[in-house]
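Enquirer: Let me give you the structure first, and then I'll get to my questions.
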Amino acid sequence: MYFGKKRNTSTSDRVPPNQNVTTTFPVLHNGNVPYYDDISKWNLQIYGLVQHPKLYSLEDILTLFPQVDLSNDIHCVTGWSKLDASWQGIRVRDIVKDVKIQENAHYVILHAEEGWTTNLPVEDFLKETSLLAHSFNNEPLTPEHGYPLRGVFPHLYFWKSAKWLRGIQFTEHDHPGFWERNGYHMKGDPWLEQRYSFD
Ligand SMILES: Nc1nc2c(c(=O)[nH]1)N[C@H]1C(S)=C(S)[C@@H](COP(=O)(O)O)O[C@H]1N2
Ligand SMILES: [Mo]
Numbered sequence: 001m002y003f004g005k006k007r008n009t010s011t012s013d014r015v016p017p018n019q020n021v022t023t024t025f026p027v028l029h030n031g032n033v034p035y036y037d038d039i040s041k042w043n044l045q046i047y048g049l050v051q052h053p054k055l056y057s058l059e060d061i062l063t064l065f066p067q068v069d070l071s072n073d074i075h076c077v078t079g080w081s082k083l084d085a086s087w088q089g090i091r092v093r094d095i096v097k098d099v100k101i102q103e104n105a106h107y108v109i110l111h112a113e114e115g116w117t118t119n120l121p122v123e124d125f126l127k128e129t130s131l132l133a134h135s136f137n138n139e140p141l142t143p144e145h146g147y148p149l150r151g152v153f154p155h156l157y158f159w160k161s162a163k164w165l166r167g168i169q170f171t172e173h174d175h176p177g178f179w180e181r182n183g184y185h186m187k188g189d190p191w192l193e194q195r196y197s198f199d
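As structure tokens, then:
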């Protein structure tokens with residue numbers, strides 16, 4: 001019990017410490033929302049410490065891999081959580097099968113439009129629940145939420161879930177991404193409140 005201590009405003013055990021549930025879907029990012037004149041020119045590159053680097057079109061993403069429909073809870077480091085977010089896309093595990101990840105690949109850098117990046121350990125990237133989502137609530141992602149493709153890593157703070165994903169780079173060492181260079185945590189587990197790197 002927490003007698004004499006301020007209670008967390010959220011009661012559910014699905015909500016990590018010091019988070020508050022919202023039913024809205026806030027839009028949060030650094031930089032500009034990209035718009036595409038010709039989506040057939042868009043691609044996703046998988047490279048770095050892999051035996052077979054690959055380039056996929058959006059058509060490939062939509063047709064070459066098993067399509068999944070997953071609901072999960074997302075937790076933004078600024079304090080909001082959204083329960084039962086409904087995503088459609090492909091599992092990370094399915095798209096990386098083709099590339100053959102090398103043994104010394106311990107980390108992943110996700111590259112988004114405008115040079116925005118984020119980093120995560122390879123085990124987190126490859127988790128069963130990790131996905132590349134093209135749709136939310138069965139509708140294509142809106143430009144603000146990451147159209148045409150974003151990462152979704154629900155077990156980590158939501159800043160790791162790169163919108164406008166264009167590249168997946170496997171590396172041996174951990175290289176801080178955009179927010180991580182600004183003090184955010186290299187891993188970002190919301191249950192351990194890994195908000196900042198000095199936590
Ligand atoms: N490319 C890109 N992806 C990003 C960000 C960003 O600045 N650029 N911000 C992250 C942060 S801090 C959050 S909380 C979520 C917000 O996603 P949403 O706008 O769909 O809610 O996107 C993440 N993905
Ligand atoms: Mo965030």
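All the letters of the sequence shown, read from the start, carry residue numbers 1 to 199 under full-length UniProt numbering.
Cβ atoms here follow ideal geometry from the backbone N, Cα and C, with glycine treated the same way.
Remember, it's a predicted structure, so these values are computed and weren't measured experimentally.
Over what stretch of residues does the alpha helix (DSSP H) that includes ASP60 continue unbroken?
Expert: Element bounds for ASP60: 58 to 63.
Enquirer: Please determine whether the Cβ atom of LYS54 lies at a distance below 8 Å from any heavy atom of ligand 1.
Expert: Checking every heavy atom of ligand 1 against the Cβ of LYS54, none is found closer than 8 Å.
Enquirer: Tell me the start and end of each unbroken beta strand (DSSP E) in the segment 63 to 125 that is at least 3 residues and wholly inside, in chain order.
Expert: Qualifying beta strand (DSSP E) stretches, in chain order: 68 to 75, 80 to 91, 107 to 112 and 117 to 121.
Enquirer: By a C-beta neighbour count over all protein chains shown, 10 Å radius and 16 as the cutoff for buried, is PHE3 buried or exposed?
Expert: Note that PHE3 has pLDDT 47, beneath the 50 cutoff, so the model's placement of it is unreliable and the number below is only indicative. Exposed: under 16 other Cβ atoms inside 10 Å.
Enquirer: Pull up the distance between the alpha-carbon of ASP69 and that of ALA133, whole angstroms please.
Expert: Approximately 9 Å between the Cα atoms of the pair.
Enquirer: Classify LEU44 as helix, strand or coil using the three-state DSSP reduction.
Expert: In this structure, LEU44 counts as strand in the three-state DSSP scheme.
Enquirer: To which residues of the same chain is TYR196 closer than 7 Å at the C-beta, ignoring the five residues directly before and after it?
Expert: For TYR196, where only same-chain residues beyond five positions count, the Cβ hits under 7 Å are GLY183, TYR184 and HIS185.
Enquirer: State the Cα-Cα distance for the pair VAL152 and ILE90, rounded to the nearest angstrom.
Expert: Cα to Cα, VAL152 sits roughly 10 Å from ILE90.
Enquirer: Among ILE61, HIS145, LEU58 and PRO16, which has the Cα closest to the Cα of THR24?
Expert: Comparing Cα positions, the closest option is HIS145.
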